[in-house]
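First residue of the sequence shown: -8, per this note's numbering; consecutive thereafter.
Ideal Cβ positions, reconstructed from N, Cα and C, are used throughout, including at glycine.
Notes for the one structure printed next.
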Amino acid sequence: MTDTATAPTPTPEQQYATFHERRELSVVQPKGSLALVNTQWIDSEQTIWGVPGTWAPLPAGQSGLLLKAVAADGITVDGELVDGEVVVRGKDDPSPSEISFSETVSGFVIASEQGNYALRVWDSQSEAIQEFGSIDAYDYNPDWVIQAQWTEIPGGKAVGFEHLKDNGATRDEVVPGDITFTKDGVDYDLAAFKAGRALQLVFADATNGDETYSVGRFLFLAPNADGTITLDFNRAVLPPCAFSYNFNCPLPPKQNRFAVKIEAGEKNVLKKDGSLLH
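Structure (structure tokens):
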């Protein structure tokens, strides 16, 4: 007789535990958030802290940076040892370059909206990875699983988001729809911008700076086919800047700032001894 029994469907609490375990594994990967040790913008020929070679901008309209190095520096770009000059293509290029400085240190080039470029340096054995203990998080809280209404905006709308290191300047992000719901008698109208195939909600609440990371948290979403959108704040994650000062994270716009405590999701990054990493 064939056994047709299937494994029981995991409970929401079990699914949450699996999600949390995977999050903790992700941040210690070779290009996980804890591995980023430098982001340096290049506006003239210069050296970069922690890695060899000299780096310079390319002519306007070209993607990436110009690297000058000798074979003894041990830098490879796209698998080839650099001995002379090479163009290192940025992440905005259809075929971005991969850079290796050593067995543990790697890099790639990122672009800004203004068209300048920076080198990001990753170390799979960074000090932060060595010190990392856990991501502190709330227990699963069903009260913060919200079924909201999703109203698509044809063509989307531009909403200005400040970033942590931009001194108050805003960057326009495309918000493709409105997220609305009522909780405990309060009406909410949230703005989530496009992040690849998902929507990214950048939010703050009354726990920030006390129980949770001061800057705010992220929640990644996708509209449902029936015109709703599920906001499971148990899946709220810390922004990359909670793990490395070398990230420049978006800040919550006014409409995404909750006056109440959202006691769900991730809280802070902890060292092995239980103290805050940052």
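By the CB criterion at 7 Å, residue 90 and residue 61 fall outside the cutoff.
Residue 227 sits buried, since 16 or more C-beta atoms from the chains shown fall within 10 Å of its C-beta. Closest in alpha carbon position to residue 224, among 210, 84, 157, is 210.
For residue 219, the enclosing beta strand (DSSP E) starts and ends at 219 to 223. Per the coordinates, the alpha-carbon of residue 119 lies some 25 Å from the alpha-carbon of residue 64. Per DSSP, residue 3 lies in no beta strand (DSSP E) segment; the continuous alpha helix (DSSP H) that holds it begins and ends at 3 to 17.
Within the DSSP bridge table, the entry for residue 96 names 114 as partners. Residue state for residue 141 is assigned as strand, using DSSP reduced to three classes.
A direct Cα-to-Cα measurement between residue 269 and residue 256 gives close to 18 Å. With respect to residue 97, residue 235 sits apart: the two C-beta atoms are not nearer than 7 Å. Taking a cut-off of 8 Å on C-beta distances, the region 14 to 30 touches the region 115 to 132, as three or more cross pairs fall below it. For residue 30, the enclosing beta strand (DSSP E) has its first and last residue at 27 to 33. Looking only at 212, 169, 198, the smallest Cα-Cα distance to residue 186 is reached by 212. For residue 239, the three-state secondary structure derived from DSSP is coil.
In this structure, the alpha-carbon of residue 161 lies about 7 Å from that of residue 154. Under the 10 Å beta carbon count, residue 196 is surrounded by 16 or more other beta carbons and is classified as buried. According to DSSP, residue 53 shares a beta bridge with no other residue. Leaving aside the five residues that flank residue 77 on each side, the residues in its chain whose CB is nearer than 6 Å to its CB run, in chain order, 58, 68. Secondary-structure assignment with DSSP links residue 212 through a beta bridge to 190. Remark: C-beta atoms of residue 182 and residue 150 approach each other more closely than 7 Å. Bounds of the beta strand (DSSP E) holding residue 37 are 37 to 39. Secondary structure at residue 199: strand, using DSSP grouped into helix, strand and coil. Within the same chain, and ignoring the five residues on either side of residue 203 in sequence, the residues whose Cβ sits closer than 7 Å to its Cβ are 258, 259. Around residue 165, the same chain offers 147, 149, 184, 185 as residues with beta carbons nearer than 7 Å, after the five sequence neighbours per side are excluded. Residues 193, 194, 195, 207 of the same chain have their beta carbon placed closer than 8 Å to that of residue 243, with the five preceding and five following residues left out of the count. The residue among 70, 27, 163 with its C-alpha nearest the C-alpha of residue 121 is 27.
Taken atom to atom, the span from the alpha-carbon of residue 30 to that of residue 125 is near 24 Å.
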